[in-house]
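Numbering (the working numbering), first residue to last: 1 to 156.
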């Protein structure tokens, strides 16, 4: 019995809240100014798109793109803090996705430590002056070998 009374009371409270909300909305709409019938636009008021109207107009200049070599773009992807050198942490942080790609079956037989050792060794071999940073020239030595271009098999 108490459930029915509480349910009925909750329904009455909800109806009361709804009535207050509708009344407040009606008051807001009553205070709004009426629409201006003279402001409606007909087909004659629309702008035309004839070429004579736009001959003197000039748009903004397009942004200029810097010409970066492939190696400069690759270096920029690793150099997260844009200081012109790649730290060991920057080099290792981008390798997590590569690890996930190597572990195809998801059984973690290739451990992260094994993978990180290979990456750290690659970093150590590239860091010729052993300052724990790779310059652009040192980083260039870590590039994967270029893929051979497919030969055209089309008949001429």
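Where is the CB? At the ideal position from N, CA and C, for every residue including glycine. Computed from a prediction, not measured in an experiment: that's the story for all the values here.
Review point. So the alpha helix (DSSP H) residue 91 belongs to, where does it begin and stop?
Key: First-last of the alpha helix (DSSP H) with residue 91: 88-93.
Check your understanding: How long is the line joining the alpha carbons of residue 61 and residue 136, rounded to whole angstroms?
Key -> Going from the Cα of residue 61 to the Cα of residue 136 covers about 33 Å.
Review point. Anyone know if the C-beta pair for residue 142 and residue 116 falls short of 8 Å?
Key: Against a cut-off of 8 Å, the Cβ pair of residue 116 and residue 142 comes out as no contact.
Check your understanding: Roughly how many angstroms separate the alpha carbons of residue 113 and residue 154, rounded to a whole number?
Key -> Per the coordinates, the alpha-carbon of residue 113 lies some 47 Å from the alpha-carbon of residue 154.
Review point. To the nearest angstrom, how far is it from the Cα of residue 71 to the Cα of residue 146?
Key: Cα-Cα distance, rounded: 12 Å.
Review point. Do residue 88 and residue 79 have their C-beta atoms closer together than 8 Å?
Key: In this structure, residue 79 does not lie closer than 8 Å to residue 88 by Cβ.
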